[in-house]
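Structure first, then comments.
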Amino acid sequence: TQLLEQSPQFLSIQEGENLTVYCNSSSVFSSLQWYRQEPGEGPVLLVTVVTGGEVKKLKRLTFQFGDARKDSSLHITAAQPGDTGLYLCAGTRQYNAGGTSYGKLTFGQGTILTVHP
Amino acid sequence: NAGVTQTPKFQVLKTGQSMTLQCAQDMNHEYMSWYRQDPGMGLRLIHYSVGAGITDQGEVPNGYNVSRSTTEDFPLRLLSAAPSQTSVYFCASGLGGFGPEAFFGQGTRLTVV
Chain A
1 TQLLEQSPQF LSIQEGENLT VYCNSSSVFS SLQWYRQEPG EGPVLLVTVV TGGEVKKLKR
61 LTFQFGDARK DSSLHITAAQ PGDTGLYLCA GTRQYNAGGT SYGKLTFGQG TILTVHP
Chain B
1001 NAGVTQTPKF QVLKTGQSMT LQCAQDMNHE YMSWYRQDPG MGLRLIHYSV GAGITDQGEV
1061 PNGYNVSRST TEDFPLRLLS AAPSQTSVYF CASGLGGFGP EAFFGQGTRL TVV
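Protein sequence lines, in the order shown, are assigned to chains A and B.
Just so it is clear: in the first sequence, position 112 is 112 by our numbering, and no numbers are missing.
To convert, take the position in the second sequence, counting from 1, and add 1000; that gives our numbering.
Here it is, written out as structure tokens:
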């Protein structure tokens, strides 16, 4: 059972269109991260959202954390071919061991975005 | 800036062989982890470590061993490779506190035949 459900799994759009990727869970996360991954590379962090209802903007990308900290969305305005890639959401849950607090990441399945010129 | 370095980048193994995937980070991060990435599955946690000498199992630990003798290194051992272990493996390091940001290596593409 996937703890984080990401949708859609594939998205193919034309340059200039808008799109939204969703990341949903029944669990509460202490924070949520969005990563972008290009072929042959590891994921690279785009943003971390921490507070319920938080909205962060990164140029044409808008990230929102749900009020209950169970879901998140990534909205891209006027997509460009350079936005093509795999987008991953990941939720952090806090654990305590031996007096140390640390977070573990759980990833969604990913969304493969292709933006055609 | 080296960040997280994984070796090798590609590897082909025969069923039953063993090998070690290397991971090293130079950011003095306490938290290191290994993931495998399969199509449509995102990244799944294999093992992780919150500091030298401390390791624990993740979501899919069977068939893999880890150890953490130094802060910098976190090798992943495949004990007896199976075709089901064909995957892309990523090592990550990060700050273990609230809202960790994970820094990933470039991955090791492993094929078991």
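For glycine and all other residues, C-beta sits at the position ideal for the given N, C-alpha and C.
Computed from a predicted structure; not experimentally measured.
Residue i burial status per 10 Å Cβ neighbour count (16 or more: buried)
i: R1068 (chain B); result: buried
i: F1010 (chain B); result: exposed
i: F1098 (chain B); result: Its pLDDT being 46, under 50, F1098 (chain B) is placed unreliably in this model, and the coordinates cannot settle the point.
i: Y95 (chain A); result: exposed
Beta-carbon gap between residue i and residue j smaller than 7 Å
i: V1112 (chain B); j: Q1085 (chain B); result: yes
i: Q1025 (chain B); j: S1093 (chain B); result: yes
i: R69 (chain A); j: V28 (chain A); result: yes
i: Q33 (chain A); j: A90 (chain A); result: yes
i: L113 (chain A); j: T84 (chain A); result: yes
i: L1095 (chain B); j: L1021 (chain B); result: no
i: G1040 (chain B); j: Q109 (chain A); result: yes
i: N18 (chain A); j: T100 (chain A); result: no
i: Y22 (chain A); j: S73 (chain A); result: yes
is_contact[residue i, chain B] using C-beta, thresh 7 Å
i: E41 (chain A); result: yes
i: Y102 (chain A); result: yes
i: Q80 (chain A); result: no
i: G108 (chain A); result: yes
i: L86 (chain A); result: no
Residue i at chain A interface by Cβ criterion, 7 Å
i: Q1106 (chain B); result: yes
i: E1101 (chain B); result: yes
i: L1110 (chain B); result: no
i: Y1031 (chain B); result: yes
i: F1090 (chain B); result: yes
i: V1050 (chain B); result: yes
i: L1043 (chain B); result: yes
i: G1053 (chain B); result: no
For residue j and residue i, believed in contact at Cβ under 8 Å, the rounded distance
i: T1015 (chain B); j: A1082 (chain B); result: 6 Å
i: R1036 (chain B); j: S1087 (chain B); result: 4 Å
i: Y1048 (chain B); j: M1032 (chain B); result: 7 Å
i: C1091 (chain B); j: V1012 (chain B); result: Rounded, the Cβ-Cβ distance is 19 Å, inconsistent with contact.
What residues from the segment 1061-1073 of chain B come within 7 Å of chain A, judged by C-beta to C-beta, listed N to C? none
Going along the chain, which residues of the segment 45-75 of chain A sit with their C-beta nearer than 7 Å to a C-beta in chain B? L45, T48, V50
Could you please tell me which residues of the segment 5-26 of chain A, in chain order, have their CB closer than 9 Å to any CB of chain B? Q6, Q9
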